[in-house]
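A short write-up of the structure that comes next.
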Amino acid sequence: MNSQERRTASIVGLLYFVRMLGLFSILPVFALAAAELFDSGPAAIGLTLGIYGLFQAVLQIPLGALSDRFGRKPILIGGLLVFIIGSLIAGLAQRIEWIVLGRALQGSGAIAGVLLAVVGDGLRLEYRARAMAMIGGGIGLAFGFSLVVGPLLYQFGGLAALFFLAAITGMLALVLVLFFLPELDAEYQQSRSSGGVVEVLRDGALQTLNLSIFMNHFLLMAGFVVIPALLEKLGLLIEDHALVYFGLLVGSFFLMLPLIFKFRGASRLVTQLLPAVLIIGASLLTMMVSASLLPFLFALLIFFVGFNYLEATLPTLVSQIATEAHRGAAMGAYSSAQFLGIFAGGSLGGLLLALSDLTTLVMANVAMVGLWIAVLLFRGRTELQKA
1 MNSQERRTAS
11 IVGLLYFVRM
21 LGLFSILPVF
31 ALAAAELFDS
41 GPAAIGLTLG
51 IYGLFQAVLQ
61 IPLGALSDRF
71 GRKPILIGGL
81 LVFIIGSLIA
91 GLAQRIEWIV
101 LGRALQGSGA
111 IAGVLLAVVG
121 DGLRLEYRAR
131 AMAMIGGGIG
141 LAFGFSLVVG
151 PLLYQFGGLA
161 ALFFLAAITG
171 MLALVLVLFF
181 LPELDAEYQQ
191 SRSSGGVVEV
201 LRDGALQTLN
211 LSIFMNHFLL
221 MAGFVVIPAL
231 LEKLGLLIED
241 HALVYFGLLV
251 GSFFLMLPLI
261 FKFRGASRLV
271 TQLLPAVLII
281 GASLLTMMVS
291 ASLLPFLFAL
301 LIFFVGFNYL
311 EATLPTLVSQ
321 IATEAHRGAA
331 MGAYSSAQFL
341 GIFAGGSLGG
351 LLLALSDLTT
361 LVMANVAMVG
371 LWIAVLLFRG
381 RTELQKA
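Structure below.
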C-alpha cells in the first residue's frame, strides 16, 4: 500500500470502530435494562433492538447509489449527523417509545455501504482484501470492547450513558470524515456511475453474499434478545458479563485464524463460507442442549468464531466481485441485507419468544441455518471473478 491507501484504510477502520463501539454497547444489557426500567416484554425489546436495522436496510442502497453520483463525503457527513441526533434522543428518553424513535434515527444514518465503497475507491484491487480484513478486525474489536464497555458503563451511568456514548462516538467519526478522510480526485468523481442497483441485485454471487450477511446478523440479534437473561439465569451476575464476553471474543479471534488460513482465497463461495456456517449451526445445537453455564459459554465461543470469520470475509468478497462503477450500489445492497438481518432477528426473535418459548426460538434459528446451508450448496459453487 502507498501512504494514501494506508491512510484511507486506517481512517475507514477507525470510523467503523468508533461507530460500532457506540452502537453495539447496548446489546449485552438492553434486554435486562428495558424490562427493568420500562417493564418491556420480549416483543418491545426485540423491536427496539431491530428497528435500527430496518431503517439501515431501507436506506443503504439509495445512499450508496447517491454516493456514486455526488461523492462519498457529503453522504457520510449527513448520515453521521442523523445518527448523532438519534443517539441523543434515545439518551434523553423516559419512555420506550422515544428510544424506538431514537434507534430509528440512528438507523437512518445508513453509511456502512458508503464506507465500504470508500475502500474500494481508494485502494488498488490487490490491497482491498487486506484493508477489508483490517476493517473486519476493527468491527470485531469494537464488538468485543462493546460487550465489555456496555455492562460497565450501564452500572455507573444507566441506559442513558450507553446512548450518550453512541453520540460521542458519532461525533468522533464526524471529525475523522471532515478532517482526515482523503478526498477522491475530481476526475474519478466525475466518472462514477449513478446507477447499478438493478445489475447488483441480479448478480447471483452477490445475492449469495447478501443472504449470508443477513443470516449472520439475524442469528446474532435473535440471540441477544435472550442471551443476557439466560446468562443471568445460569448464575452469571450482570457485573461479570463484561469479563466473560471479553474472554469469549478474544478466544474466538484466535480460533478464527485457522479458518482464515485454510479457506480464505478459495475459488468458490461455498468453500469459503460453508465451514463457518456449520460452526454457527453446531453452536446453536449446543445452546439448545446446555443445562449449565460452561456448556452454554462454549456454545457462545464457537458461535463468535463463525460470526467473526464471516464478518471479515463477506465484505472482502463483495468488493472483489462488484465492478468499480457499481461498487457503491453493491456495498449498499450488502449493508442493506446486513441491517435487514438485524431488524428481522431482533423483531422476529422477540415476537417469537413472546408468543412461544426459548426452545422454539432456538429451533427456528437452527432451521434458518439449514436454509442457509442449502443455499450455499446450490448457489455458492460459482467460480469467483475479480472486478
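All the letters of the sequence shown, read from the start, carry residue numbers 1 to 387 under this note's numbering.
Think of the CB as a built atom: it goes at the ideal place given N, C-alpha and C, for glycine as much as any other residue.
Here the structure is a predicted model, which is why all the values come from computation and not from measurement.
Residue burial classification, Thr313 (beta-carbon count within 10 angstroms, cutoff 16): To locate residue 313, count along the sequence shown from 1; it is residue 313. Thr313 comes out buried.
Stretch-stretch touch, CB-based, cutoff 8 Å, three pairs: the segment 16-29 with the segment 166-174: yes
Separation of Gly79 from Met368, as counted between CA atoms: On the sequence shown, position 368 is the one that residue 368 refers to. On the sequence shown, position 79 is the one that residue 79 refers to. Computed Cα separation, rounded: 32 Å.
Test item: CB-CB of Ile280 and Leu219 under 9 Å: In the sequence shown, residue 280 corresponds to position 280, counting from 1. In the sequence shown, residue 219 corresponds to position 219, counting from 1. Taking 9 Å as the Cβ cut-off, Ile280 and Leu219 qualify as a contacting pair.
Closest by C-alpha distance to Leu123, when choosing among Leu284, Met363, Gln320, Gly158: Residue 123 sits at position 123 when you count from the first residue of the sequence shown. That would be Gln320, whose Cα lies nearest to the Cα of Leu123.
Segment limits, alpha helix (DSSP H) that includes Ile359: In the sequence shown, counting from the first residue as 1, residue 359 sits at position 359. The identity of residue 359 in the sequence shown is Thr, whereas the question assumes Ile. Looking at the DSSP string, the run of the alpha helix (DSSP H) that includes Thr359 is 358-379.
Limits of the unbroken alpha helix (DSSP H) element including His326: By one-based count along the sequence shown, residue 326 stands at place 326. Taken as a continuous stretch (DSSP letters only), His326 belongs to no alpha helix (DSSP H), as it is neither H nor E.
Pro258 burial status per 10 Å Cβ neighbour count (16 or more: buried): Locating residue 258 in the sequence shown gives position 258, counting from the first residue. By the neighbour-count rule (16 or more Cβ atoms within 10 Å), Pro258 is not buried but exposed.
Spatial distance of Ala229 from Arg7 (CA atoms): Along the sequence shown, one-based indexing puts residue 229 at 229. Along the sequence shown, one-based indexing puts residue 7 at 7. If I take the Cα positions, the gap works out to 42 Å.
Residue(s) in a DSSP beta bridge with Ile95: Position 95 of the sequence shown, counting from 1, holds the residue named residue 95. First, the amino acid is wrong: residue 95 is Arg here, not Ile. Answer by DSSP bridge pairing: none, since Arg95 is not bridged.
Alpha carbon of Ala44 to alpha carbon of Glu5, nearest angstrom: Working through the sequence shown from its first residue, we reach residue 44 at position 44. Working through the sequence shown from its first residue, we reach residue 5 at position 5. Cα to Cα, the separation comes out at about 44 Å.
Thr316 classed as buried or exposed, judged by whether at least 16 other C-beta atoms fall within 10 angstroms: Locating residue 316 in the sequence shown gives position 316, counting from the first residue. By the 10 Å Cβ count, Thr316 comes out buried.
Three-way DSSP call (helix, strand, coil) for Trp124 in this model: Counting from 1 along the sequence shown, the entry for residue 124 is found at position 124. The residue you asked about is not Trp; residue 124 is Arg in the sequence shown. Here Arg124 sits in coil by DSSP.
Test item: CB-CB of Tyr127 and Met331 under 9 Å: Translated into positions along the sequence shown, residue 127 becomes position 127. Translated into positions along the sequence shown, residue 331 becomes position 331. Result no, Cβ atoms of Tyr127 and Met331 do not sit closer than 9 Å.
Nearest to Leu206 (by Cα), restricted to the options Gly345, Thr323, Ile11: In the sequence shown, residue 206 corresponds to position 206, counting from 1. Out of Gly345, Thr323, Ile11, Thr323 has the C-alpha closest to the C-alpha of Leu206.
CB contact below 9 Å: Leu178 versus chain B: Going by chain labels, chain B is absent from the structure shown, which holds only one protein chain.
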